[in-house]
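Enquirer: What follows is a structure written as structure tokens; I'll ask about it next.
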Amino acid sequence: MDDGKPFGSMEEERSYWKELAAKYKECADNAQEELREFQEGSREYEAELEMQLQQMETRNRDLLSETTGSGRRSSLHDHLSGGL
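Per full-length UniProt numbering, the sequence shown runs over residues 1 to 84.
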């Protein structure tokens, strides 16, 4: 892999490639850390949304029960009132 860069000595070339490798490693490490943070945040957000969904489902069941219960009471009241 020749990038066309002239080197004065083998030591200079070795130093150049070593620095370049260190830069790429740092970039890779930073990307890995960002990915880890993103995944952690995503898991937390997913847990929060799951909790909200469960709360909404519970609330919907409660409202449905109230509505169904009101309808039964109303039907019973109508039935009893009509019979008198």
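Even glycine gets a Cβ: it sits at the ideal position worked out from N, Cα and C.
Only a predicted model underlies this, so the values are computations on that prediction, with no experimental measurement involved.
(1) Report yes if the C-beta of L53 is less than 7 Å from at least one heavy atom of the ligand NAD; otherwise report no.
(2) Tell me whether the beta-carbon of Y16 lies closer than 8 Å to the beta-carbon of K25.
(3) Once DSSP output is grouped into helix, strand and coil, what is the label at G41?
(4) Alpha carbon to alpha carbon, what distance is there between D29 and L20?
Expert: On the basis of the data shown:
(1) This structure lacks the ligand NAD, and indeed carries no ligand of any kind.
(2) With contacts defined as CB atoms closer than 8 Å, Y16 and K25 fail to qualify as a contacting pair.
(3) Looking at G41 - three-state DSSP - the assignment turns out to be helix.
(4) 14 Å
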